[in-house]
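Chains as they are written, first to last, in the working numbering: chain A, 1 to 410; chain B, 1 to 255.
Here is the structure we will look at.
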Ligand SMILES: Nc1ncnc2c1ncn2[C@@H]1O[C@H](COP(=O)(O)OP(=O)(O)OP(=O)(O)O)[C@@H](O)[C@H]1O
Ligand SMILES: [Mg+2]
């Protein structure tokens with residue numbers, strides 16, 4: 001039954017691989033022809049073929065797959081750890097491989113029925129005098145050719161190469177513009193190296209905020225979000241730890257739910273939360289703090305509960321054996337083991353939150369980031385430079401201090 | 001009435017489908033010092049943990065003072081666990097906590113949840129902790145972090161933690177396997193003292209037959225989850241020994 005599964009799965013893998021290669025080949029070809037005639041609206045395409053053309057494509061893929069499997073191991077076979085050998089166990093001869101290639105068509109023409117008749121050793125393999133066998137361990141000298149000359153080596157190269165090539169086009173990488181249009185950015189650089197600290201202490205009359213006001217606002221946004229987020233994440237992290245909760249179906253449900261909550265809320269970046277809260281509670285630092293707060297709960301909750309799952313189970317066992325209840329076990333056997341890491345994560349999170357506090361301003365989160373984006377929109381690059389330098393100094397100091405503290409406690 | 005009765009105890013670990021115990025039955029009198037021996041993997045730890053239900057038995061029954069432990073609710077089981085002390089091979093102390101905190105943990109089952117969550121214990125528990133530490137000769141180490149102690153000292157803290165429970169039964173799972181021979185004896189003597197002076201019933205699993213002979217009043221040998229010997233230490237002769245430990249084994253002495 002095991003070989004049957006490996007045969008089926010490796011076939012599916014090979015089919016997927018060659019479909020992808022063929023598709024990316026189409027796309028690449030199309031893009032290549034467009035390389036010189038740049039038509040921005042025709043960037044993403046699906047290959048256009050008449051209906052019967054697709055039948056040929058599918059057929060072509062099947063042939064390629066069978067070919068790589070016969071002269072394999074193919075990538076799918078390799079990943080599932082099987083390869084073809086002759087009945088005697090040695091690598092098949094050239095004619096046996098061709099025979100396998102031809103007879104294997106029967107497997108597909110019969111829609112796999114021939115395989116199900118003898119799942120471990122289908123008839124077409126027997127006719128070709130070969131069978132599927134587990135791959136020998138690497139370095140046992142069973143492979144005659146170098147790995148990059150085999151079917152799986154070549155298809156792996158093709159896979160990586162195609163993916164990178166497609167990525168290059170799809171992200172619209174354009175080295176020409178990077179150089180040709182460099183002069184446009186000169187004004188910005190000039191502003192940045194001539195920073196303007198006019199509004200360092202005196203509020204900008206238009207925005208009604210000085211740099212320092214903004215910075216302090218951001219610092220406290222980050223601080224509050226971190227403290228409140230940690231306070232919520234701390235108790236939740238035990239609920240989201242398998243070794244604490246997964247004792248019975250109800251506990252398992254609560255555990256899965258908590259973990260799911262962490263994962264979902266963590267996947268939504270702070271910026272999106274900020275745009276939600278900017279509408280909910282109005283523009284300003286409160287919306288920003290709420291965004292950071294929610295994201296902190298999820299991110300710290302996940303980190304914390306992973307830490308709880310990695311504790312030494314011995315003390316838990318020992319304290320349970322004294323007749324303590326679950327809360328007491330957590331307090332006396334788990335918490336002392338995780339506190340230093342929790343503190344380190346929290347400090348680290350403050351760092352992150354301070355940086356994020358500027359970004360959430362983009363969608364109305366308030367703080368020093370607000371100044372940054374206002375000045376950017378007005379093309380006041382010297383003021384932008386001033387804000388950035390002030391912010392960089394702050395982050396450096398924070399980094400240094402929290403790094404120093406973290407080193408102390410772990 | 002025997003103190004502890006184990007009846008047809010069977011444990012099958014779902015993961016790996018291991019039959020760690022099959023149909024194990026025996027009983028222990030009050031104040032007895034019973035030693036479990038057997039090769040690694042013979043099921044000694046599983047047996048001990050089935051008694052206080054750290055491991056849930058697959059079938060079979062366990063009685064303590066005639067009360068069936070195997071059908072108690074979790075809450076009732078916690079109450080009973082207070083009377084069953086346990087000592088572990090790896091000591092299982094909270095390494096970052098102080099010795100005193102580790103010992104006080106033995107008292108958790110007797111105290112209401114809220115104060116203990118805040119780290120508060122009644123005065124008499126703290127006095128008792130000092131007594132217990134004095135008994136194992138570690139009173140001066142009270143405020144040290146547990147991981148600053150030597151192995152033997154850590155195991156004595158483990159014993160003090162068990163003593164805090166005022167146990168009537170002490171389960172010791174290879175209490176000296178991580179220690180050198182001289183320290184082993186000193187730790188075993190503390191356990192023996194608890195057995196003799198306080199009348200606590202002791203069930204200890206031990207690796208070395210020589211230790212088992214020296215401290216056990218009675219020996220039960222396990223092999224692949226079954227009892228292959230149950231009797232007095234003197235009754236284990238060469239042939240019995242080979243039966244328990246396998247043909248190639250040779251007896252070594254721990255002095
Ligand atoms: N949590 C578990 N899950 C699955 N199998 C387990 C588990 N714990 C123990 N076993 C298996 O049960 C059998 C008995 O293990 P047990 O730990 O009780 O033996 P032991 O006599 O205490 O051995 P040792 O001297 O090594 O401590 C072993 O085969 C072991 O692999
Ligand atoms: Mg064991």
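Every residue gets a Cβ at the ideal spot worked out from N, C-alpha and C, and that includes glycine.
Other residues of its chain near residue i: CB distance less than 8 angstroms, five sequence neighbours each side excluded
i: residue 398(A); result: 350, 351 and 354
i: residue 346(A); result: 226, 230 and 300
i: residue 191(B); result: 87, 159, 170, 172, 175, 202, 204 and 215
i: residue 189(A); result: none
i: residue 108(A); result: 62 and 66
i: residue 159(A); result: 17, 20, 21 and 75
i: residue 115(B); result: 121
i: residue 387(A); result: 211, 214, 368, 371, 372 and 375
i: residue 265(A); result: 294, 295, 297 and 298
Span of the beta strand (DSSP E) around residue i
i: residue 26(B); result: 18-28
i: residue 64(B); result: 59-64
i: residue 313(A); result: Here residue 313(A) belongs to no beta strand (DSSP E); instead the alpha helix (DSSP H) covers 313-321.
i: residue 134(A); result: 130-134
i: residue 10(B); result: 4-13
i: residue 201(B); result: 201-205
i: residue 238(B); result: Counting along the chain, residue 238(B) falls outside any beta strand (DSSP E), though it belongs to the alpha helix (DSSP H) covering 238-245.
i: residue 221(B); result: 218-223
i: residue 230(B); result: 226-231
i: residue 34(B); result: 33-37
i: residue 70(A); result: That residue, residue 70(A), is in no beta strand (DSSP E); its alpha helix (DSSP H) goes 51-70.
i: residue 172(B); result: 169-173
i: residue 85(B); result: 84-87
i: residue 86(A); result: 82-86
Cβ neighbours of residue i in the same chain (closer than 7 angstroms, five flanking residues each side left out)
i: residue 44(A); result: Low local confidence applies: a pLDDT of 48 at residue 44(A) is under 50, so the model's placement there is unreliable, and no value is given.
i: residue 188(B); result: 176, 211 and 215
i: residue 13(B); result: 20
i: residue 110(B); result: 82
i: residue 40(A); result: With a pLDDT of only 47 at residue 40(A), under 50, the local geometry of the prediction cannot be trusted, and the value read off the model is given with reservation. Counting only Cβ-Cβ distances below 7 angstroms, and skipping sequence neighbours, we find nothing.
i: residue 293(A); result: 225, 228 and 229
i: residue 242(A); result: 255 and 309
Bounding residues of the alpha helix (DSSP H) (the contiguous stretch that carries residue i)
i: residue 123(B); result: 123-135
i: residue 265(B); result: Any answer about residue 265(B) is impossible in this case: the structure gives chain B only from 1 up to 255.
i: residue 168(A); result: 151-170
i: residue 385(A); result: 381-409
i: residue 356(A); result: 335-359
i: residue 251(A); result: 249-267
i: residue 147(A); result: Where residue 147(A) is concerned, there is no enclosing alpha helix (DSSP H), given that its DSSP letter is neither H nor E.
i: residue 102(B); result: 99-104
i: residue 105(A); result: 94-109
i: residue 327(A); result: 326-329
i: residue 163(B); result: 151-164
Min CB distance residue i to chain E below 8 angstroms
i: residue 116(B); result: Absent from the structure: chain E. Protein chains present are A and B.
Same chain, Cβ closer than 6 angstroms to residue i, neighbours up to 5 away in sequence not counted
i: residue 71(A); result: 97 and 151
i: residue 383(A); result: 196 and 375
i: residue 237(B); result: none
i: residue 37(A); result: For residue 37(A), the pLDDT reaches just 44, beneath the cut-off of 50, and the residue's location in the model is therefore unreliable, although a value from the coordinates is still provided. So the list is empty, once near-sequence residues are dropped.
i: residue 297(A); result: 229, 232 and 233
i: residue 330(A); result: 238
Report task. Return the residues of the segment 307-339 of chain A that lie within a Cβ-Cβ distance of less than 7 angstroms from chain B, sorted by chain order. Result -> For the segment 307-339 of chain A, the set of residues with a beta-carbon nearer than 7 angstroms to any beta-carbon of chain B comprises 314, 315, 317, 318, 319, 320, 321, 322, 323, 324, 325, 327, 328, 331, 332, 333, 336 and 337, in chain order.
Report task. Say whether the segment 197-207 of chain A touches the segment 267-274 of chain A, bearing in mind that this needs 3 or more beta-carbon pairs closer than 8 angstroms, one atom from each stretch. Result -> No, because fewer than three Cβ pairs between the segment 197-207 of chain A and the segment 267-274 of chain A fall closer than 8 angstroms, the two stretches do not touch.
Query raised in the report: Should the segment 321-341 of chain A be regarded as contacting the segment 252-267 of chain A, the criterion being three or more beta carbon pairs within less than 8 angstroms?
Result: No: fewer than three Cβ pairs fall under 8 angstroms.
Query raised in the report: What residues in the segment 4-36 of chain B have a beta carbon less than 9 angstroms from any beta carbon of chain A?
Result: Listed by position along the chain: nothing, the set is empty.
Requested in this report: Pair every Cβ in the segment 366-376 of chain A with every Cβ in the segment 280-296 of chain A, then say whether three or more of these pairs are closer than 8 angstroms.
Outcome: In short, these stretches touch, since the Cβ pair count reaches three.
Report task. Residues of the segment 66-80 of chain B with a CB closer than 7 angstroms to any CB of chain A: list them in chain order, please. Result -> Taking 7 angstroms as the Cβ-Cβ cut-off, the segment 66-80 of chain B approaches chain A at 78 and 79, given in chain order.
**Report entry** Under 7 angstroms (Cβ pairs) to chain A, residues found in the segment 85-97 of chain B
**Finding:** Contact residues of the segment 85-97 of chain B toward chain A are 86, 88, 90, 92, 93, 94, 96 and 97 (C-beta to C-beta distance below 7 angstroms).
Query raised in the report: Hey, which residues come within less than 5 angstroms of ligand 1, measuring from Cβ to any heavy atom, in chain order?
Result: Residues lining ligand 1 by the Cβ criterion, that is a Cβ closer than 5 angstroms to any of its heavy atoms, are 13(B), 15(B), 16(B), 18(B), 20(B), 40(B), 41(B), 42(B), 43(B), 44(B), 45(B) and 46(B) in chain order.
Query raised in the report: Looking at C-beta atoms only, is the number of pairs between the segment 303-317 of chain A and the segment 89-100 of chain B that lie closer than 8 angstroms three or more?
Result: Cβ pair count under 8 angstroms is three or more, so yes.
Requested in this report: Output, in sequence order along the chain, the residues in the segment 118-152 of chain B whose CB is closer than 7 angstroms to any CB in chain A.
Outcome: Listed by position along the chain: nothing, the set is empty.
Query - the segment 84-94 of chain A contacting the segment 120-130 of chain A, beta-carbon criterion three pairs below 8 angstroms - result: Judged by Cβ distances under 8 angstroms, the segment 84-94 of chain A makes contact with the segment 120-130 of chain A, as three or more pairs qualify.
Query raised in the report: Quick one: any contact between the segment 55-65 of chain B and the segment 123-132 of chain B, if contact means 3 or more CB pairs under 8 angstroms?
Result: Contact annotation: the segment 55-65 of chain B does not touch the segment 123-132 of chain B, with fewer than three C-beta pairs closer than 8 angstroms.
Query raised in the report: How about the segment 139-159 of chain B and the segment 68-81 of chain B: do they share at least three Cβ pairs that are nearer than 8 angstroms?
Result: No: fewer than three Cβ pairs fall under 8 angstroms.
**Report entry** Members of the segment 96-113 of chain B that neighbour chain A once the beta carbon cut-off is set at 9 angstroms
**Finding:** If the cut-off is 9 angstroms between Cβ atoms, the segment 96-113 of chain B has 96, 97, 101, 102, 104, 105, 106, 107, 108, 109, 110, 111 and 113 near chain A.
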